[in-house]
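Take any residue in the first sequence, note its place counting from 1, add 29, and you have its number in the working numbering.
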Amino acid sequence: MNKVRTRFAPSPTGFMHIGNLRTCLYAYLFAKKNNGTFVLRIEDTDQERYVEGAVDVIYSTLKKAGIEHDEGPDKDGGYGPYIQSQRKSLYLDYAKELVEKGGAYYCFCDKARLESLKDGNGVAKYDKHCLSLSKEEVEKRLANGEQYVIRQNIPTDGVSEYEDMVFGHISVPNEDMEDGVLIKSDGMPTYNFANVVDDHLMAINYVIRGVEYLSSTPKYNLMYDAFGWERPHYMHLSPIMKDAQRKLSKRYGDANFEDFLDKGYLPEAIVNYIALLGWSPKGTDEKLSMQQLKEQFDVDGISKSPSIFDEAKMRWLNGEYIKQMPPTEFAEVARPYFEQSKVAGKYDYTELAKLLIPRVEILGEIPEKVNFLEEFGKYDTSMYEHKKMKITKELALANLVAIREELKDVDDWSDGNLKQLGTALAEKLGIKSGQIFLPLRLAITGAQSTPGGATEMAELLGKEESMRRLDFSIELLSKESI
RNA sequence: GGCUCCAUGGUCAAGCGGUCAAGACAUCGCCCUUUCACGGCGGUAACUCGGGUUCGAUUCCCGAUGGAGUCACCA
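Here is the structure:
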């Protein structure tokens, strides 16, 4: 068997969409699983949709995602150029060759004539009108400088068939396919044609792409056949959906790799999650590194039906990745989020990291979790009502007063010491220690959920600030109980 | 609408003629706990519907229904 060669051929139109990234990932994984070559080709023939800087986005996305191409515009492997706009000159000659071989023909029909072919639903199928032109006639009109396009010549009867690696046997009646344009009147190739020529010239033998090409693939095969080229293997991938009806697309936003990065997702978690969207590993382990994905990726596990993107699960997975991070590393990747929070520059991020790691699923949650350190004021006292701990506002107030009394002369404000004092106090009062710590935590943070327990929070805030807040809370509760 | 595909819990999904129909997320409950979390344990929840084939269908075939894709001088 020939060495496996797959490719990812994005158009530089802006940020990388999650669906595209998954297609790219699968092509990469398939190549790596089979010790093959993964090629990056930029399809920038449509200048109208071209977005400045988009090529750089592609590079940076692949890099962040941990996908390393073996060949591409920046890595010549002998099959270049890898940028379609630099290959312009190639296509017309191949089209002419195809005309020679009977797989295509010149067409001079104008817009008006094409328009007249439309049926009641506005659907037109070209009627092969120009196929009957004699060679001389074509030469003459060409010499006259008439505008033309080159169309594929598809048989009018019979059936085209092929085996898709994930969908299996696909068969399409030839009469349902139209003689599509290969070379446009401006002399440029259409995507359909450029793709076939490029894939062949780059020796791509496994074409991996979205299902939208599933039913037009027979047309491509017909071209390969007419040229006398060997057909590649195909692997079509079902789309990722936003919900049961709508495809995940740029139009709905939030579906870009960059967007998720901004929200505080780790690139490896995103990659891991999208690998699982539409593919399932043999085992039950779902947290898989790129290395494991490369080893385990398998066509068998690819699903045929569309899958709905579930951010909740990706979020969970991201949390799993965060939990295994060393605090210093967390502090580093979380730096931007600390910087945009109210605690910016006021705390040791590594210390905060230790508390935050088990409590945060995406980095974007950081500001809301730490802001209470700098922000404290009137809060909702109903939080003190806790029926499981058998705490009421009245009891909380009484306990807080006792705590203040106990702590006011304490010098050692460390987590450990405070914990001991609290436990001892509870014992002395004959109550559960939680009845001390819960009110205390609430009193000094004013927050329902905090990145740590009462004594950890107290240590973080320091004695002065803790006592200030304790007083504030006691006063707050006293006012209410009057 | 024509054509091509697809169909297991709310979601991702395993299953490839005989299973009490895995697992994960979400959800709910319990336990642990020094409150917030982490963690542990458990619960609820699925084979779209009809016909066949078969001793036996989630699994194979046909049809219906539902869904996706495609019908451009766009990729």
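Where is the CB? At the ideal position from N, CA and C, for every residue including glycine.
Exposure of residue i, with buried meaning 16 or more beta-carbon neighbours within 10 Å
i	result
L171	exposed
N173	exposed
N150	exposed
E423	exposed
L420	Note on residue identity: the sequence assigns Ile, not Leu, to residue 420. Under this definition I420 is a buried residue.
D440	exposed
E493	exposed
K104	exposed
V152	exposed
Q176	exposed
H265	buried
Q513	Limits of the chain in this structure are 30 at one end and 511 at the other, which puts residue 513 out of reach.
H198	exposed
V80	exposed
G307	buried
A56	buried
Length of the line joining the Cα atoms of residue i and residue j
i	j	result
T515	L506	The structure shown does not extend to residue 515, since the chain is modelled only from 30 to 511, so the question has no answer here.
K32	K147	46 Å
K276	P202	28 Å
S214	Y108	28 Å
Y120	E207	20 Å
A382	F405	21 Å
D438	M343	48 Å
E126	G132	9 Å
S332	V195	8 Å
S189	H46	32 Å
K398	H415	21 Å
E324	F37	20 Å
H158	N49	38 Å
K62	G216	40 Å
I391	T313	24 Å
L251	Y135	17 Å
K311	N221	36 Å
V178	K169	15 Å
K417	L317	39 Å
E100	G106	5 Å
F44	I87	8 Å
E315	D291	24 Å
L471	N347	29 Å
P110	P102	7 Å
E349	R388	11 Å
D520	I351	The shown model of the chain, from 30 to 511, leaves out residue 520, and the question about it has no answer.
Test item: CB-CB of residue i and residue j under 8 Å
i	j	result
I303	L54	yes
L230	T219	no
T484	L447	yes
V236	P268	no
Y376	A360	no
Y253	Y191	no
D186	E204	yes
A232	R34	yes
G481	F466	no
I386	P356	yes
G239	G393	no
M412	Q464	no
F256	K130	yes
E297	G95	yes
I337	L426	no
For residue i, the first and last residue of its enclosing beta strand (DSSP E)
i	result
Q181	178 to 181
Y134	133 to 136
K263	The sequence given here places Tyr at residue 263; Lys does not occur at that position. Element bounds for Y263: 262 to 266.
First through last residue of the alpha helix (DSSP H) which encompasses residue i
i	result
R116	That residue, R116, is in no alpha helix (DSSP H); it is neither H nor E in DSSP.
S89	83 to 94
K342	340 to 352
Y15	Past the edges of the chain, shown from 30 to 511, lies residue 15, and the structure says nothing about it.
T313	Note, T313: premise wrong, no alpha helix (DSSP H); not H, not E.
Q477	Premise fails: Q477 is in no alpha helix (DSSP H) and is neither H nor E.
P296	296 to 305
G151	Here G151 belongs to no alpha helix (DSSP H), and DSSP marks it neither H nor E.
N446	444 to 458
D291	286 to 291
E26	Any property of residue 26 remains undetermined from this structure, which presents the chain solely from 30 to 511.
K333	No alpha helix (DSSP H) contains K333, which DSSP labels as neither H nor E.
S145	140 to 145
L322	319 to 325
Contact test: residue i Cβ vs the ligand SAH heavy atom, cutoff 7 Å
i	result
Y253	Absence of the ligand SAH from the depicted structure is noted, as is the absence of any ligand whatsoever, leaving it without description.
- Item | Unbroken stretches of the beta strand (DSSP E), 3 residues or longer, contained in the segment 37 to 80 | As far as the segment 37 to 80 is concerned, its whole beta strand (DSSP E) runs of at least 3 residues are 66 to 69.
- Task: Starting from the N-terminal side, write out each stretch of the alpha helix (DSSP H) that is 4 residues or longer and does not extend beyond the segment 154 to 241.
- Result: Listed in chain order, the complete alpha helix (DSSP H) runs (minimum 4 residues) inside the segment 154 to 241 are 164 to 172, 220 to 230.
- Task: Could you pull out every unbroken alpha helix (DSSP H) segment of at least 4 residues lying fully inside the segment 351 to 435, listed in chain order?
- Result: If we require 4 residues or more, the alpha helix (DSSP H) runs fully inside the segment 351 to 435 come out as 356 to 368, 378 to 385, 395 to 399.
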